[in-house]
Every structure is written in structure tokens, then in C-alpha cells.
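Just below is one structure, and these are the notes that go with it.
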Ligand code: G3H
Ligand code: ZN
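Numbering (UniProt numbering), first residue to last: 2 to 288.
Written out as C-alpha cells, the structure reads:
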């Protein structure tokens with residue numbers, strides 16, 4: 002069964018490491034992520050966006066799929082089942098559907114409304130032992146229809162949201178979803194420091210983790226980032242491995258067009274990506 006993310010990410014903040022949060026899209030993605038975490042023997046967070054959940058057939062199906070795969074694969078590491086960038090309705094639905102963690106992303110609401118709705122979600126979730134991520138400022142770019150302008154998180158606003166009892170907090174610090182433009186200015190470490198100093202115990206979440214130079218991520222982790230969100234990097238790895246397989250004509254050899262064969266190289270590429278990331282973000286193995 003799933004675990005709440007509160008302790009896992011608090012321990013990460015205290016220990017100056019991060020735990021990976023990977024987006025799932027389907028059965029292969031789910032298996033690939035679980036396999037990577039199990040092989041490294043580390044806790045992992047599997048998250049689903051509203052768009053991916055709709056594609057897969059709903060939150061209940063996602064929850065059941067991940068739970069069934071864990072059982073079939075004999076997964077022993079702690080797994081957090083999380084909603085990524087949820088609106089108010091989605092967060093409530095996932096609390097009912099058996100997720101162990103939800104993100105309520107109210108960044109596009111007027112601040113008072115973000116505050117009020119986050120408070121409500123925290124109360125509903127905590128009553129059931131479910132952890133909550135909130136967002137202040139915004140993540141640039143677009144992910145599955147969730148668009149952000151990339152404003153830096155305001156420290157006072159972040160403190161007010163944190164005080165509601167949220168378990169981990171996503172802060173805009175110049176990070177962007179999807180691929181980074183060539184003229185990207187990098188993470189804003191001054192703002193990250195202000196946020197981390199103002200909230201010394203709060204695990205901070207770095208969205209848009211794909212494509213940030215590794216040294217910047219490592220520095221951000223040392224300063225208070227405890228949850229690293231990765232989506233695009235796994236998608237690129239999957240697409241590249243699949244393209245290579247097809248371009249090499251492997252799909253024409255033997256029964257290479259069999260979906261189980263066709264999807265295998267891409268699925269393995271996701272596992273490899275997950276394992277590489279786990280290595281350099283320093284997640285310690287569980288006993
Ligand atoms: O919420 C998910 C992440 O922020 C993923 O961002 O696709 O840029 O890795 P990414
Ligand atoms: Zn995100």
C-alpha cells in the first residue's frame with residue numbers, strides 16, 4: 002500500500018538530499034518507474050497529472066493500476082501515490098480515490114482564494130492521513146494544459162501557505178516545465194535562499210526538473226529542495242529509444258512489431274533515466 006509523503010520529504014530536507022517524483026502515463030511508465038526505484042532500493046513518488054489521469058481512465062484506475070503493479074512486482078520500497086498540479090475538484094476526487102498525496106495548484110487564483118482553497122484541501126486530506134503539496138508563484142511553460150507565467154514565489158505568500166500545514170511546497174524560482182529555452186537565465190538561487198531561510202523545515206519542490214543543468218539541481222537540493230519533479234526527461238528517453246528501435250528496422254525483424262517488443266526499449270530507457278536521477282540526487286537506500 003501507499004505511504005504518505007510527509008515524513009519522506011521532511012527527512013529529505015533535513016538530510017539535504019531529494020526524492021524523485023516521476024510522472025506516469027500508462028502501464029509501461031508505471032512499471033518502469035517502480036522497477037527503477039526498487040532496483041535502487043529507495044522511496045519514490047509516482048504522480049499523475051489531470052491530463053494523464055483522463056487519458057488513463059480516471060484517478061481510481063490510476064490508483065488501482067499502480068497498487069496492482071506494486072503487488073505483482075513485489076515492490077518493497079515506500080511508494081507515494083500523488084496527484085500532480087490538481088485543481089480543487091481533482092484534489093478532492095483523489096482524496097476520495099485512495100491517493101496518499103495530492104497537489105492543489107492554486108497559483109492562477111487570486112492569492113486569498115489560493116489560501117482559502119489550500120486550507121480546505123489540507124483539512125480534508127489530513128483527516129485521511131494524506132499529504133498535501135501547494136504552489137506559490139508559478140512554474141513557467143506548460144504541462145498538460147497547466148500554463149504558468151513563471152513568476153517568482155513571494156516569500157510572505159509562501160510563509161502564509163506553509164502555515165496552513167502543507168507538507169511540501171512548490172515555489173517558482175525561475176524553473177520551467179518542458180524543455181528549457183536556449184536563453185534561459187537559470188534558477189534564481191537568491192530567491193531560493195530567501196524561501197529556504199524563511200521556512201527552514203519545509204520540504205521545497207522543484208518542478209520542471211528535466212533539462213536543468215545537474216550542478217544547479219544539486220545546489221538547489223543542498224539549499225532545501227527535497228522533491229525533484231521529472232516528466233519530460235522520461236518522455237524524451239522513451240521516444241528516443243523507441244525511434245532508434247524503429248529506425249534500425251527492428252520492428253520488421255522477426256515479430257518485432259509485437260507491442261510487447263516494440264515498447265520494451267523505451268520502457269527500459271525510462272527505468273535507466275529514473276535510476277540515473279536517483280543516483281545523483283542522493284536518495285539514500287531504505288533498510
Ligand atoms: O509536475 C511535473 C514536473 O514539474 C515535471 O516537469 O516535465 O519539466 O520535468 P518536467
Ligand atoms: Zn510541475
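For every residue, glycine included, the Cβ atom is placed at its ideal position computed from N, Cα and C.
*asked:* Cutting at 7 Å between CB atoms, please list the residues of its own chain near residue 262, excluding the five before and the five after it.
replied: The residue you call residue 262 lines up with position 261 of the chain shown. Cβ neighbours of residue 262 beyond the five flanking positions: 256.
_Selection from 205, 185, 186 that minimises the alpha carbon distance to residue 194_ = Working through the chain shown from its first residue, we reach residue 194 at position 193. Closest option to residue 194, Cα to Cα, is 205.
*How would you write the range of the alpha helix (DSSP H) that residue 159 sits in, first residue to last?*
As a position in the chain shown, residue 159 is number 158, starting the count at 1. Per DSSP, residue 159 is one residue of the alpha helix (DSSP H) stretching across 156-163.
*Can you tell which of 137, 151, 63 has its C-alpha closest to the C-alpha of residue 143?*
Start at 1 with the first residue of the chain shown, and residue 143 comes out as number 142. For residue 143, the nearest C-alpha among the options comes from 151.
*Which same chain residues, not among the five before or five after residue 37, have their C-beta less than 7 Å away from its C-beta?*
Against the chain shown, residue 37 aligns to sequence position 36. Same-chain partners within the cutoff: 272, 275, 276, 279.
*Return the residue from the list 62, 45, 147, 197 that minimises the CA-CA distance to residue 23.*
Residue mapping note: residue 23 aligns to position 22 of the chain shown, counting from 1. Residue 23 has its Cα closest to that of 45, out of 62, 45, 147, 197.
*Are residue 100 and residue 125 touching if we call contact CB-CB under 8 Å?*
In the chain shown, counting from the first residue as 1, residue 100 sits at position 99. In the chain shown, counting from the first residue as 1, residue 125 sits at position 124. No; because the gap between Cβ atoms is not below 8 Å, this pair is not in contact.
_residue 287 classed as buried or exposed, judged by whether at least 16 other C-beta atoms fall within 10 angstroms_ = For the purposes of this step, residue 287 is taken as the residue at position 286 of the chain shown. Exposed is the call here.
_Which same chain residues end up closer than 8 Å to residue 76 when comparing Cβ atoms and leaving out the 5 residues on each side of it in sequence?_
Translated into positions along the chain shown, residue 76 becomes position 75. Hits under 8 Å: 35, 38, 39, 70.
*asked:* By alpha-carbon positions, which one of 11, 4, 3 ends up nearest to residue 203?
replied: Position 202 of the chain shown, counted from the first residue, corresponds to residue 203. Check the Cα spacing between residue 203 and each of 11, 4, 3: the tightest is with 11.
*Using DSSP bridges, identify the partner residues of residue 48.*
Along the chain shown, read from residue 1 onward, the residue named residue 48 stands at position 47. Note: residue 48 sits in a beta bridge opposite 24, 83.
_Delimiting residues of the beta strand (DSSP E) encompassing residue 66_ = For the purposes of this step, residue 66 is identified with residue 65 of the chain shown, where counting begins at 1. From DSSP, residue 66 is part of no beta strand (DSSP E) but of the alpha helix (DSSP H) over 60-73.
*Does any heavy atom of the ligand ZN sit closer than 7 Å to the C-beta of residue 209?*
For the purposes of this step, residue 209 is taken as the residue at position 208 of the chain shown. Answer for residue 209: yes, Cβ within range of the ligand ZN.
*Under 7 Å from any heavy atom of the ligand FMN, does the C-beta of residue 276 make it?*
Because the ligand FMN does not appear in the structure shown, any question about it cannot be addressed here, the ligands present being the ligand G3H and the ligand ZN.
*Quick one: any contact between the stretch 105-112 and the stretch 131-145, if contact means 3 or more CB pairs under 8 Å?*
yes
_Cβ-based burial, residue 214 [other Cβ within 10 Å; buried from 16]_ = Locating residue 214 in the chain shown gives position 213, counting from the first residue. Result: exposed.
_Going by beta-carbon coordinates alone, are residue 217 and residue 188 separated by less than 8 Å?_
Residue 217 sits at position 216 when you count from the first residue of the chain shown. Residue 188 sits at position 187 when you count from the first residue of the chain shown. Yes.
*Within 10 angstroms of its Cβ, does residue 226 collect 16 or more other Cβ (buried), or is it exposed?*
By one-based count along the chain shown, residue 226 stands at place 225. So residue 226 counts as buried.
*Is the CB-CB distance between residue 284 and residue 43 below 8 Å?*
Locating residue 284 in the chain shown gives position 283, counting from the first residue. Locating residue 43 in the chain shown gives position 42, counting from the first residue. Yes, the Cβ-Cβ distance between residue 284 and residue 43 is below 8 Å.
_Span of the alpha helix (DSSP H) around residue 97_ = Counted from its first residue, the chain shown places residue 97 at position 96. Boundaries of the alpha helix (DSSP H) around residue 97: 89-98.
*Determine the closest residue to residue 162 out of 115, 249, 93, with distance taken between C-alpha atoms.*
Counted from its first residue, the chain shown places residue 162 at position 161. Looking at 115, 249, 93, the one whose alpha-carbon comes closest to that of residue 162 is 115.
*Would the C-beta of residue 85 count as close to the ligand G3H, meaning under 7 Å from any of its heavy atoms?*
Position 84 of the chain shown, counted from the first residue, corresponds to residue 85. The answer is yes for residue 85.
_Quick check: residue 177 and residue 146, are their CB atoms within less than 8 Å of each other?_
Position 176 of the chain shown holds residue 177. Position 145 of the chain shown holds residue 146. The answer is no: Cβ separation not under 8 Å.
_Endpoints, the alpha helix (DSSP H) within which residue 12 is located_ = Residue numbering aside, residue 12 sits at position 11 when the chain shown is read from its first letter. Note, residue 12: alpha helix (DSSP H), 7-16.
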